[in-house]
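Here's the structure, in structure tokens; my notes come after.
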Amino acid sequence: MSVDKAPSKTRQEKHTSSLKRIGTSPACFDHGHSGLERCFGVAMRCVVTSATLFCNQAWSNDFNEQKANLIREGVTPTLLYDGSVASDTAGGTRTGTAYVGNLRLQLTLDGKQLFRAPGWTGFFQVLSIHGGQPSNFIGDAQGVNSYSAKSALRLYEAWGQYSSPNGRWSFLAGRYDLSSEFYRLASSGLFLNSSFGTGPELSQSGIGGPSIFPDTSIGTRITYKPTPGILIRTAIMDGAPANRVNGETRFPGQDKGLLLVSEIAFLTRPESGDAHGIAKYRVGRGANFPAYEDKVALGAWHYTGTFRDLSLVSTQGTPLQHEGSSGAYVLVDRTLFRAVANPKSRVSGFLQYGVGDGRVNRIGSYMAVGLAASGLLASRPDDEFGIAINSARNGSHYINSQDAMTVPVTRTETAIEATYLAQVNSWFAVQPDIQYVVHPGTTPARANATVLQIHFQLML
946 MSVDKAPSKT
956 RQEKHTSSLK
966 RIGTSPACFD
976 HGHSGLERCF
986 GVAMRCVVTS
996 ATLFCNQAWS
1006 NDFNEQKANL
1016 IREGVTPTLL
1026 YDGSVASDTA
1036 GGTRTGTAYV
1046 GNLRLQLTLD
1056 GKQLFRAPGW
1066 TGFFQVLSIH
1076 GGQPSNFIGD
1086 AQGVNSYSAK
1096 SALRLYEAWG
1106 QYSSPNGRWS
1116 FLAGRYDLSS
1126 EFYRLASSGL
1136 FLNSSFGTGP
1146 ELSQSGIGGP
1156 SIFPDTSIGT
1166 RITYKPTPGI
1176 LIRTAIMDGA
1186 PANRVNGETR
1196 FPGQDKGLLL
1206 VSEIAFLTRP
1216 ESGDAHGIAK
1226 YRVGRGANFP
1236 AYEDKVALGA
1246 WHYTGTFRDL
1256 SLVSTQGTPL
1266 QHEGSSGAYV
1276 LVDRTLFRAV
1286 ANPKSRVSGF
1296 LQYGVGDGRV
1306 NRIGSYMAVG
1316 LAASGLLASR
1326 PDDEFGIAIN
1336 SARNGSHYIN
1346 SQDAMTVPVT
1356 RTETAIEATY
1366 LAQVNSWFAV
1376 QPDIQYVVHP
1386 GTTPARANAT
1396 VLQIHFQLML
């Protein structure tokens, strides 16, 4: 994680600025026998802590004490469970209900504490995805639940980061989730619809998508902070996710190449220590942001691989080949109102707009706007309420390809979402959610869908 980041929806910004990303296993050997002993001791403490948890003593003083001891040693273990019940009550392909679950085990390693290597951090995350996929019966193109994917157990992230002593720059390498830092806003991170995380013009691009949930790839990222209010990031990633089954791809036989992403963010920092973000206690993909009042970000991405045109053919009758594929996006997140007497009581508005490569990808452009309010009730300062609307627009080449097959399509799919996140305590949150999807899957014959969801998160 970088100076703007916390330990990646898809949903809000990962790690805080104090948790700078980087790898640590080599350091065990750099410091000789004492380093090995320390690694072994920490590993044994992790085993004991995990055993305590799974023996139904998670809430005991012993468990809390052992976790605190690990943190003092430089290892922060976190166990997260996200679950959602999603029900299509009307419209879509058919009505139905599905359960979506994600289990995550995360380890953050502090190089200074563990190996006397200031500036170094390591982060490892194992992800288990299970349950159904609501989009199978809703038939939407964007995804009403950002935690839904094919069942899998995988190493989701494993990276190392070095941050300079003055905090101006950092370098990260390893298996890394782009959405933990790029294309990310605090206000939009409240919502469950996948597109409010990373827009579909990027999330559905390339060969199997970029390095985001549920499939990440290997690469590097550098962050530079010329002033406290400006962040510049660039990442170079493998052009396809690492866990594609049997090399499966939406573009068989094509060169995946590399994915290059750059973003510049302009931030207005708050005068007080009150952070602007959703789900205060969450970590990982759902983590809170470092504090900001307002944010404007401009980003661009480019694949170096070869891609087939969706509708145009060569003189030989084969799909036209394109070298490279690019897109860009703009993000705005602004505090519209904040109570003077209670800084946690605020209303923020956000805007997302992205343009993709409509020659080779289905989604040509995307736009979303929304409002998020926190601290509406004085007795519940950490709760959030939001309402937002997004629209994904088919590219002209996709529409032409469907017309050629006499398959009728609409130009856009639109989702309207209202949600309320109740932060019950430091380890449990509940989020009821309703979405209305217009033209699911851009299929004219498919009725508009009404989707009800209950999402919850447990964090230890």
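Under the numbering used here, the letters of the sequence shown match residues 946 to 1405, in that order.
Cβ atoms here follow ideal geometry from the backbone N, Cα and C, with glycine treated the same way.
Bear in mind that the values here come from a model prediction, so they are computed numbers and not experimental data.
Where D1278 is concerned, the enclosing beta strand (DSSP E) starts and stops at 1264–1283. Assignment of beta-bridge partners to Q1058 by DSSP yields no partner. For P1353, the three-state secondary structure derived from DSSP is coil. Between the alpha carbons of Y1248 and P1145 lies a gap of roughly 16 Å.
Ranked by how close their Cα comes to the Cα of G1250, the residues G1202, A1210, A1236, F1068 have G1202 in first place. In this structure, the alpha-carbon of F1069 lies about 10 Å from that of Y1121. Scanning its chain for C-beta atoms nearer than 6 Å, with the 5 sequence neighbours on each side dropped, one finds around D1027 the residues N1047, Y1092, Q1402, in chain order. For the 9 Å CB-CB criterion, G1142 and Y1128 form a contact. A direct Cα-Cα distance of roughly 20 Å separates A1094 from E1358. Contact check for I1083 and A1394: beta-carbon distance about 5 Å, within the 8 Å limit, so the pair qualifies. By DSSP's assignment, A1337 forms a beta bridge with Y1311, E1358. The Cβ-Cβ distance between V1314 and S1032 does not fall below 9 Å. In the DSSP annotation of this structure, the continuous segment of the alpha helix (DSSP H) that includes P1145 starts and ends at 1145–1148. Judged by DSSP secondary structure, F1158 falls outside any alpha helix (DSSP H); it is assigned neither H nor E.
The alpha helix (DSSP H) runs of length 4 or more contained entirely in the region 1065–1107 are, from start to end of the chain, 1080–1083. For D1378, the uninterrupted beta strand (DSSP E) run begins and ends at 1373–1383, by DSSP. When secondary structure is reduced to three states using DSSP, Q1297 falls in the strand class. For R1356 against R1338, the beta-carbon gap comes to about 6 Å, under 8 Å, which counts as contact. Judged by pairs of C-beta atoms under 8 Å, the region 1359–1369 does not touch the region 1050–1064, as fewer than three such pairs exist. The beta carbons of G1303 and Y1343 sit closer together than 9 Å. When DSSP states are grouped into helix, strand and coil, Q1347 belongs to the helix group. Bridge pairing for Y1365: F1330 [DSSP]. Within 10 angstroms of the beta-carbon of D1007 lie fewer than 16 other beta-carbons, which makes it exposed.
Comparing alpha carbon positions, the residue from I1157, S1271, A1374 closest to E1126 is I1157.
The beta-carbon separation of T1038 and R1391, rounded to 6 Å, stays under the 8 Å limit for a contact.
Three or more Cβ pairs closer than 8 Å define a contact, and the region 1168–1179 meets that threshold against the region 1206–1214. Of the residues assessed, A1349 falls on the exposed side of the cut-off, its CB having fewer than 16 other CB atoms within 10 angstroms.
Following the DSSP letters along the chain, one finds T1249 inside the beta strand (DSSP E) bounded by residues 1239–1258.
For F1136, the three-state secondary structure derived from DSSP is coil. Exclusion of the five residues before and after R1279 leaves D1239, S1293, G1294 as the residues of its chain whose Cβ lies within less than 7 Å of its Cβ. Taking C-beta separations shorter than 8 Å and ignoring five residues to either side along the sequence, the partners of R1214 in its chain run P1173, G1174, A1236, Y1237, E1238, following chain order. Rounded to whole angstroms, the separation of the alpha carbons of V1354 and S1319 is 39 Å.
Taking the C-beta atoms as reference points, Q1297 is found no nearer than 9 Å to L1137.
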